[in-house]
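Asker: In the numbering used here, the protein residues as written are 595 to 700.
Glycine included, every Cβ here is placed at the ideal spot set by N, Cα and C.
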Amino acid sequence: MSTEDLEKYETEMELQLYREYKDIVRQFSYVVETERRFYLANSVDLQVRDAGGEVFFELTLTDAWVWDMYRPARFVKNVRVVTFKDVNVEELDKPDLELPDSPRLP
Numbered sequence: 595m596s597t598e599d600l601e602k603y604e605t606e607m608e609l610q611l612y613r614e615y616k617d618i619v620r621q622f623s624y625v626v627e628t629e630r631r632f633y634l635a636n637s638v639d640l641q642v643r644d645a646g647g648e649v650f651f652e653l654t655l656t657d658a659w660v661w662d663m664y665r666p667a668r669f670v671k672n673v674r675v676v677t678f679k680d681v682n683v684e685e686l687d688k689p690d691l692e693l694p695d696s697p698r699l700p
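Written out as structure tokens, the structure is:
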């Protein structure tokens, strides 16, 4: 496989992942970013650990989707991630689940 073919393949896979992400993102409550991967999850447990003065993060995600074009199975029941880099966890906004401000009376 040539370099050009590999780049084309990676571009196509990233586009496929993005389309999949857009279709499923509303099924999840959290977005989690680590230095290696991007996750969607419904439950996140983040623990900061200290091992002899060296700090690391331990994440446990349940009902997760893993952004990785080289994984054939992106939906997983449980994921455990250990990283020494920063971790970003954001709660997703669910505007379609919000109640209206006030009912309109005739």
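(1) With distances taken between CB atoms, is the gap from Phe651 to Phe678 smaller than 9 Å?
(2) In angstroms with no decimal places, state the Cα-to-Cα distance between Leu691 and Glu685.
(3) Report the partner residues of Val675 according to the DSSP bridge assignment.
(4) Quick one: is Val626 buried, meaning 16 or more other Cβ sit within 10 Å of its Cβ, or exposed?
(5) So, helix, strand or coil for Val670, using DSSP?
(6) What's the C-alpha gap between Glu602 and Glu648?
(7) So Leu653 and Leu634 are in contact, right, with Cβ under 8 Å, and what is the actual spacing, rounded?
(8) Considering only residues of the same chain and omitting the five flanking positions on each side of Asn682, which have a CB-CB separation below 6 Å?
Answerer: Reading it off the structure:
(1) yes
(2) Because Leu691 sits at a pLDDT of 47, beneath the cut-off of 50, its placement in the model cannot be relied upon, and the point is left open.
(3) Leu653
(4) buried
(5) strand
(6) The sequence shown places Lys at residue 602, not Glu. Cα to Cα, the separation comes out at about 40 Å.
(7) Incorrect: roughly 13 Å between the Cβ atoms, too far for contact.
(8) Glu627
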